[in-house]
Amino acid sequence: MTDYPPPTFDTSRPHSARVWNYYLGGKDNFPVDREHGDRTIAVFPQILDVARASRAFLARAITYLAAEQGVRQFLDVGTGLPVENNTHQVAQRIAPQSRVVYVDNDPMVLIHARALLAGTPEGVTTYLESDARDPARILAFARQTLDFSQPVGLMLMSIMGLIADLDEAYSIVRHLLGELPSGSFLVLEDGSDDRTSDPAPVPATNKDLSMADLNEVTTVGNGYHYRTVDQITRFFDGLELIAPGIVSPPYWRNNPEPDGPFAPLESCGVGRKP
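Every letter in the sequence shown is one number past the one before it in the numbering used here, and letter 260, counting from 1, is 260.
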């Protein structure tokens, strides 16, 4: 692991990484994060299913890349706080030599990067504190660890919804993918306001919940911006979309039980760079 300067962080306001950690049952959050999370849960209790389904999709996607496609390098932007089945843990269980670069803008993640993101002796796990809006810096740092002549798995989990300007979000993804070699993969999940795309029906308790209401209760920091399924699909322009395409997380290469976790308002997919 790299030596890092002492981090500083604001505990007076909720942070998306810490709130998400709370949803997943983690301990790395503060009262302000739990209070925000509880307000969201009161209005939209399915947020807990969303968080769990998102984590499960991440593990399945990494398993697909590492076990079936032979990917040994991963760039995880917006990684959040470690809970379980982190990118390096899943990848290095399959291939201990896997190399993983984590990127997040929450200094608290940096603290845990030192203690909890230690990889296998054969592999490499490192961390950069940076904003997703600076892809050039991210790529420059990643090159120190990853071999850009070999395929890389780019993980963007619920991070592009934090970019208000959709064109800017597309530009960030194009920039990141642009320097990755052929055979690399994009794994992306984001909030979707197109409820008709979900294979499962929307629970009756949420049918009258407007997007404005949901945005109000889930907003952390600068807020989260839900996209349509078509808008999320555009992130994969120029890529070979892996079956089953853009779906709700529980349905990506999985057969969930009818009464299993329901993940409304989320869409995900995996694409391969030709």
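Using N, Cα and C, we set each Cβ at its ideal position, and we do this for glycine too.
THR40 - DSSP class collapsed to helix/strand/coil: helix
Simplified DSSP state of PHE57, which is helix, strand or coil: helix
Runs of beta strand (DSSP E) lying entirely within the region 144 to 194, each at least 3 residues, in chain order: 153 to 157, 185 to 191
Of the residues TRP252, LEU81, GLU35, THR233, the one placed nearest GLN129, counting alpha carbons only: The sequence as given places Glu at residue 129; Gln does not occur at that position. Nearest of TRP252, LEU81, GLU35, THR233 to GLU129, Cα basis: LEU81.
Cβ shell of ASP33 (< 6 Å), same chain only, five flanking positions each side left out: PRO14, ARG18, VAL19, TYR22
Of the residues THR63, ARG143, LEU156, the one placed nearest PHE236, counting alpha carbons only: LEU156
Own chain, CB closer than 7 Å to ALA204, minus 5 neighbours either side, in chain order: Low confidence applies here, because ALA204 scores a pLDDT of 38, under 50, leaving its location unreliable and the question unanswered by this model.
Cα-Cα separation between ARG174 and PRO121, rounded to whole angstroms: 33 Å
ASP28, buried or exposed, once every other Cβ within 10 Å from all chains shown has been counted against 16: buried
Under the three-state DSSP convention, the category ASP10 falls into: coil
Nearest-angstrom Cα separation, counted from ARG272 out to THR349: Because the chain in this structure spans residues 1 to 274, residue 349 falls outside the shown range and cannot be described.
ALA87, enclosing alpha helix (DSSP H) - first and last residue: According to the sequence displayed, residue 87 carries Thr and not Ala. Segment 87 to 94, the alpha helix (DSSP H) holding THR87.
Same chain, Cβ closer than 7 Å to GLY70, neighbours up to 5 away in sequence not counted: none
C-beta contact flag for VAL103 and ILE138 at 8 Å: yes
Under 8 Å between C-beta atoms of VAL152 and LEU188: no
Cut-off 6 Å between Cβ atoms - residues of its own chain near HIS225, not counting five sequence neighbours on either side: GLY161, ALA164
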